[in-house]
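Here is the structure we will look at.
Residue numbers (this note's numbering): 19 to 359.
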């Protein structure tokens, strides 16, 4: 494993307190991911056993564990299904710093990966699907620590391009080779990596932008939810700007949502949505659209109440991503524009 070392983290290689609990962390992650393949589990234990304590301290026990699982699955040929890979994304993000987990950068990146999995994973070749969990762990490491698991610094605006590049390079690698190298040496310092405190300040600054919303949005939400304007203004002021934008989009398109909700049969809905969009929906996309329409009011109220905000033990919210994917498919929330990084 070629984890780079965090220069802001001090680790006592003689202190085995962290490493003594790694077995429990690994078992917990394997169970959450429902990996029952005996060979994959055994290889994950073997890989994790060769990771130096300093590396675990620098990256965190959870990232070290899920990386060992991803690498072990790639080596033993254990391929995740589409739904299992979505769960892997959620589980991999579980160990992120809670102060970063709800930032716009994290929400954007994880939603981008989620959509890519839903759209392209079934069409991917077997080699890419085998290594997909490893790509996810690298992105989560960047979002949490500022570097991938090889110690390469990646800027927050370059994550999407990095993710696409990793889809080309990861399948060409032998994950086992990095563990053999790590067992023989301590991880190297990362040259030019910003200190942990500085990166934390950068994340805080990104998430501290003032939230703007219109009186029209408040009025529309009052009609949709029946809540007092003052309560809605307070709720909106506490939301990340990205969530305010999604709610504003849904609010502006709420008449379309109501129209769709009155269509009893999926065939009728498919015809109406395709007419509005000017393009076809697959059966899988239609299923997402139906679910999102049925839960639109619940979605809005849960966002307003902060029920979808990631907790310290969860990096992202799978249900929230599912619903937003359906709204985006129907053009009810604006697709996020790709940045030119």
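Glycine included, each C-beta is placed from N, C-alpha and C at the ideal position. Quick caveat, the model's predicted, so the values are computed rather than measured.
- Query: Exposed or buried, what is residue 42 when buried is set at 16 or more other beta-carbons lying within 10 Å of its beta-carbon?
  - Reply: The residue is exposed, with fewer than 16 neighbouring Cβ atoms inside 10 Å.
- Query: Which ranges does the alpha helix (DSSP H) cover as unbroken runs of at least 4 residues, wholly within the segment 278-316, from first to last along the chain?
  - Reply: 284-295 and 301-312
- Of the residues 98, 195, 77 and 230, the one placed nearest residue 156, counting alpha carbons only: 77
- Item | Counted within 10 angstroms of its Cβ, other Cβ atoms place residue 195 as buried (16 or more) or exposed | exposed
- Label residue 233 either buried or exposed according to how many other C-beta atoms from any shown protein chain fall within 10 Å of its C-beta, with 16 as the threshold for buried. exposed
- Item | Of the residues 342, 142 and 335, the one placed nearest residue 111, counting alpha carbons only | Looking from the CA of residue 111, the closest CA among 342, 142 and 335 belongs to 335.
- Query: Is the distance from the Cβ of residue 349 to the Cβ of residue 308 below 9 Å?
  - Reply: No. Outside cutoff.
- Query: In angstroms, rounded to a whole number, what distance separates the CA positions of residue 218 and residue 127?
  - Reply: At residue 218 the pLDDT is 41, less than 50, meaning the model places this residue with poor confidence; the figure from the coordinates comes in the next sentence. Answer to the nearest angstrom: the Cα atoms are 17 Å apart.
- Which of the three DSSP states, helix, strand or coil, is assigned to residue 171? If DSSP states are grouped into helix, strand and coil, residue 171 belongs with the strands.
- Task: Run the CB neighbour count on residue 346, radius 10 Å, all protein chains shown included, and call it buried at 16 or more, exposed below.
- Result: buried
- Message: Given a cut-off of 9 Å on the beta-carbon distance, is the pair residue 96 and residue 53 in contact?
- Response: yes
- With C-beta atoms as the reference, is residue 119 less than 9 Å away from residue 80? no
- Item | Whether residue 40 touches residue 109 by CB criterion (9 Å) | no
- Query: Looking at residue 272 and residue 238, is the spacing between their C-beta atoms short of 9 Å?
  - Reply: yes
- Query: Closest by CA to residue 294, which one among 283, 173 and 274?
  - Reply: 274
- Message: Taking the alpha-carbon of residue 243 as reference, which of 259, 317, 172 and 68 has the nearest alpha-carbon?
- Response: 317
- For residue 121, is the classification buried or exposed, using 16 other Cβ atoms within 10 angstroms of its Cβ as the cut-off for buried? buried
- Task: Give me the Cα-Cα distance between residue 235 and residue 246, rounded to the nearest whole angstrom.
- Result: 13 Å
- Starting from the C-beta of residue 88, find all residues in its chain whose C-beta is less than 6 Å away, skip the five residues before and the five after it, and write them out in chain order. 151, 152 and 155
- Query: Quick one: what's got a C-beta closer than 6 Å to residue 84's C-beta in the same chain, skipping five residues either side?
  - Reply: So the list reads 47, 110 and 155, once near-sequence residues are dropped.
- Meets three-Cβ-pair contact criterion under 8 Å: the segment 261-271 and the segment 298-312: no
- Message: Among the candidates 64, 248 and 263, whose CA atom is the shortest distance from the CA of residue 230?
- Response: 263
- In angstroms with no decimal places, state the Cα-to-Cα distance between residue 135 and residue 287. 25 Å
- Using the beta-carbon count (16 or more within 10 Å), is residue 187 buried or exposed? Classification of residue 187: exposed, given that the 10 Å Cβ count is below 16.
- Determine, using beta carbons only, whether residue 82 and residue 103 come nearer to each other than 9 Å. Note that the C-beta distance between residue 82 and residue 103 is not below 9 Å.
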